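Notes follow once the structure below has been shown.
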Amino acid sequence: MDTVCKRTQKPCAASMPRSFPVSEDKRFLLLAGDQKAQLFALLLLPLLMLAQLLAAPKAQADWELNMPVGVTEISASVYNLHMTIFWICVVIGLIVFGVMFWSILHHRKSRGAKAASFHESTFVEILWTVIPLLILVGMAIPATATLRQMYDTSESEVDIQITGYQWKWRYQYLNEEIDFFSNLTTPKEQINNQAEKTENYLLEVDNPLLVPVGQKIRFLLTSNDVIHSWWVPDFAVKKDAIPGFINEAWTKIDKPGIYRGQCAELCGKDHGFMPIVVKAVPPEEYQNWVAEQQAAKAAKTASAAKEWTLEELVAKGEQVYNTACAACHQPNGMGIPGAFPALKDSPLATKDKEGHIRIVLFGKAGTAMAAYGSQFDPVDLAAVITYERNAWGNNTGEMVTPQDIQQHLKAGQ
Amino acid sequence: MSDIAQSTSQSPSKSDQSGHDHHGPAKGITRWIYTTNHKDIGTLYLWFSFIMFLTGGCMALVIRSELFQPGLQLVQPEFFNQMTTMHGLIMVFGAVMPAFVGLANWMIPMMVGAPDMALPRMNNLSFWILPFAFAMLLSTLLMEGGGPNFGWTFYAPLSTTYAPPSVTFFIFSVHMMGISSIMGAINVIATILNMRAPGMTLMKMPLFVWTWLITAFLLIAVMPVLAGVITMMLMDIHFGTSFFDAGGGGDPVLFQHLFWFFGHPEVYIMILPAFGIISHIVPAFSRKRLFGYASMVYATASIALLSFIVWAHHMFTVGLPLAGELFFMYSTMLIAVPTGVKVFNWVSTMFRGAMTFETPMLFAIGFIVLFTIGGFSGLMLAISPADFQYHDTYFVVAHFHYVLVPGAVFSIIAGAYYWLPKWTGHMYDECLGKWHFWLSMIGVNLTFFPMHFIGLAGMPRRIPDYALQFADFNMIASIGGFLFGFSQLLFLYIVIKCIRGGKQAEANPWEGAEGLEWEVPSPAPYHTFSTPPEVK
């Protein structure tokens, strides 16, 4: 696998300057940058496939065949509906194909078959209209019951607002005042085949959604940008997160555990890289966690008042940048030409400090640049702006402090 | 009947130049550019669609190569999204639809005993729009920011606020495709309703003609809706409106309602003519009349009518009210009834026939079995609570590829083999044709059957990389994809070989085939039925 990638990309890699101050993945952005080169590389497709096949490591995979039964009452009834309709289809299929293949075997000209002349029969035609209709009615009844149950979001004990962002999820516990983002943690090296893929490849996040078992949890779904869809197969919950709308869904988990899902609606470049991880714990553990989160939040508010040094802000800013900004602007600040502008050497990130702060806090209308003022606390915002003004040769030496951010937020757009 | 076809010169001013047919094709390239002949235009449509089929197929192979193993190997996510988008658009609008229009052009006038299509100049225009539309669409891949990357369903706001600049070219090219389709549909309707041979009542029309008549009405009903929705996108992008932008009081879900009001009838546009073709081939090679002709016609019409009231089953997860969810679940389940009637009728036609298994029949049987499997998964998808688990997963990808590839595409290939002797005057190579069938059959199942499993196990569609538990089936699907793709080159070879020579075909090369098209000589003369035949 590695040899293949090297072969296609070696010429480009050799010509790239090697003195970036930030560690980044060259192979990732080289291909992204030059689409025409990709088109030409595709001409070598069959060769590449063969090489891949020969170099393929033993895939560590299970042969999963069917829908999971899941860990909620709803997911179990959905599984039963799925299996019922499946077996109905199997039986109908066996009968229809059975007759067909029997005819193919016996009514062939080479065996001397003479064609009959019948070509209609009102009775059988009505019969095979009515029988399927009855089967469908039989199927619709349990489906309607399950659907009604799924739509009953009343009497919830925990309410969580889920907001889709390009390309991460935000979880806000409405009554507990807990608010955090959940990002993919699978390293770029694994995605680009430079490191061994681990068990939960692409299905692991920094902050899982923590919920109690045995309690009815109501989800309120919306989106900050494009349409996403929040899906955890084990709960049989899939609901679109739509900008400007609030959708409702609910679940009640029977068994503690970690449940994984993915965004199910195409939402742009990193649609495949915004997983969902839900950790279901006993109610006492959940209560402890809520208390911890609230204490941590208080500590964080206090840190905004602290005096920060340039080095501290740059170091913190690099972390924030890599979780929130690098997907579009790339780890080396070069962006993707035509889609996402470069920050390295850009006038905004080297000269216009006010403009830089404003665009990060309030976004840019009509583009993919979101308003981050409400997504991060002032410390993170100050850190990431400071980082962008000092990384990749943008050596302005300037520092933006959390206090600056608070002023701008207060002044508004 | 064949002497009717020979005496085609009708123009009195030139009839003194006796001895040869001076209404033959023009020389050189101008024949194809200026032609108003339904056979020439049919040929153009068919070749165009085959080129698009290979183009879209190459994109599918890019997708399958990237998905061969977990991790990003060949392309990056933004290019991957362009490939899935372009693959869908090209296969739907560039391959399947033009192929059916090509078959309609060739066969409908000959099947109804008409000398040509009703509106021949418009016919020329409706074809020649297409190469420009697709050249423009493909050129977006080379533009800064890349081509359309929002899926062939182009949901707003991903396709408006968040789209690459090339979206404007995409909108313009889809407009052109829509104009072409509408003109083609008008032509089909005008031909069928006005130019049938004396004695051919509506209920005596061949089923391919019937299914195309209904398809053409669907096209005229829904293509303007598509044009409307992309114009609203254009307004949102360039003229400051907010049809689909919640921030300005608009509604992103409105986009989906409008799109699928077009999109669901669209899927029947791609399958009803296929039903017609299969209803010709199965009786021909069973040497027995089609079972339940009248119920076939009524079933086709019911499917077409139902197709207008099921669109929101594509949107079960957008948060429809419970009543809406139930309505669209029930109406969708109803579609299984007329579709079932069709399958039962085909099987009853084969029952107690005297069957032989030439290539067209093999593809037709492949169609019946695999399309029915696609129908079963469609029925499963109709069950709304279960659809919450299937929606936007590979299960859906498996479903619609089963109805479109071994469905629509197999029927087109079956039709091509069935009518090749009529078009070229030669028999195709039967042995190679059988190879083509078996390779396609194995390839298509290897590609799409495992997708049911990975979809049920939880793999979302339109992702360039996936979790490790999906690895094995993805590898199988990729190998199958390459097998299926390269098998189609064999088809190209068989067709070229058949055009260039082969055993001379009789006027009716199939023992059991019926219809006016088999009463003119093979190859069909440039002009047929200048004097209408008498249908009893």
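Here the protein sequences line up with chains X and C, keeping their order.
Counting from 129, one number per residue, gives the positions in the first sequence under this note's numbering.
Counting from 615, one number per residue, gives the positions in the second sequence under this note's numbering.
Beta carbons: idealized from backbone N, C-alpha and C, even for Gly.
If you're wondering where the values come from, they're calculated on a predicted model, not measured in any experiment.
Listed along chain C are 691, 694, 1074, 1076, 1077, 1078, 1079, 1080, each with a C-beta nearer than 9 Å to that of residue 400(X). For residue 982(C) against residue 1019(C), the beta-carbon gap comes to about 14 Å, at or over 8 Å, which does not count as contact. Rounded to whole angstroms, the separation of the alpha carbons of residue 849(C) and residue 855(C) is 6 Å. Neighbours of residue 367(X) in chain C, taken as residues at a C-beta separation under 9 Å, are given in chain order as 931, 932, 933, 1002.
Within 8 Å of the CB of residue 241(X), the CB atoms of chain C belong to 966, 967, 968, 969, in sequence order along the chain.
Contact between the segment 1097-1104 of chain C and the segment 684-693 of chain C is absent: fewer than three C-beta pairs spanning the two stretches fall below 8 Å. Where residue 374(X) is concerned, there is no enclosing alpha helix (DSSP H), because DSSP gives it neither an H nor an E. Residue 321(X) has a beta carbon lying within less than 8 Å of a beta carbon in chain C. At a C-beta separation below 7 Å, residue 257(X) has these neighbours in chain C: 951, 955. Residue contact check for residue 1041(C) against chain X: no CB pair falls below 8 Å. Judged by DSSP secondary structure, residue 739(C) falls within the alpha helix (DSSP H) whose first and last residues are 734-753.
Within the segment 766-813 of chain C, complete alpha helix (DSSP H) segments of at least 4 residues are found at 781-808, given in chain order. Contact between residue 247(X) and residue 903(C) is confirmed by a C-beta separation of about 4 Å, below the 8 Å threshold.
At a C-beta separation below 7 Å, residue 939(C) has these neighbours in chain X: 275. Within the segment 902-933 of chain C, 902, 903, 904, 905, 906, 907, 908, 909, 931, 932, 933 place their CB atoms closer than 8 Å to a CB of chain X, listed in sequence order. The beta carbon of residue 879(C) sits closer than 6 Å to the beta carbons of 832, 836, 921 from its chain, once the five residues preceding and following it are set aside; these are given in chain order. Residue contact check for residue 261(X) against chain C: a CB pair falls below 8 Å. Taking 8 Å as the threshold, the shortest C-beta distance from residue 467(X) to chain C falls below it. Closer than 8 Å to the CB of residue 993(C) there is at least one CB belonging to chain X.
Bounds of any beta strand (DSSP E) do not take in residue 495(X), whose DSSP letter is neither H nor E. For residue 1139(C) and residue 1006(C), the gap between their C-alpha atoms comes out near 49 Å. About 35 Å separates the beta carbon of residue 263(X) from that of residue 349(X), a gap too long to meet the 8 Å contact definition. Between residue 1044(C) and residue 1120(C), the C-beta gap is not smaller than 8 Å, which leaves the two residues out of contact.
Sequence-distant partners of residue 417(X) (beyond 5 residues in either direction) whose C-beta falls short of 8 Å from its own C-beta, in its chain, are 338, 409. Taking 8 Å as the cut-off, the Cβ atoms of residue 358(X) and residue 284(X) do not count as close.
The C-beta of residue 1015(C) comes no closer than 8 Å to any C-beta of chain X. Taking the C-beta atoms as reference points, residue 396(X) is found nearer than 8 Å to residue 776(C).
At least one CB of chain C lies nearer than 8 Å to the CB of residue 244(X). At least one beta carbon of chain X lies nearer than 8 Å to the beta carbon of residue 758(C).
Contact between residue 536(X) and residue 489(X) holds, since their C-beta atoms are separated by about 6 Å, short of 8 Å. Residues are counted here when their Cβ sits less than 8 Å from a Cβ of chain C; for the segment 322-338 of chain X these are 325, 327, 328, 329, 330, 331, given in chain order.
Using a Cβ-Cβ cut-off of 8 Å, residue 687(C) counts as an interface residue toward chain X, since at least one Cβ of chain X sits closer than that to its own.
Here residue 1005(C) carries a coil assignment [DSSP, helix/strand/coil]. Look at residue 764(C) here: in three-state DSSP terms it is coil, with no helix or strand label. The C-beta separation of residue 341(X) from residue 404(X) comes to about 17 Å, leaving the pair out of contact by the 8 Å criterion. Contact note: residue 947(C) reaches chain X through 264, 267, 268, using a C-beta cutoff of 8 Å and chain order.
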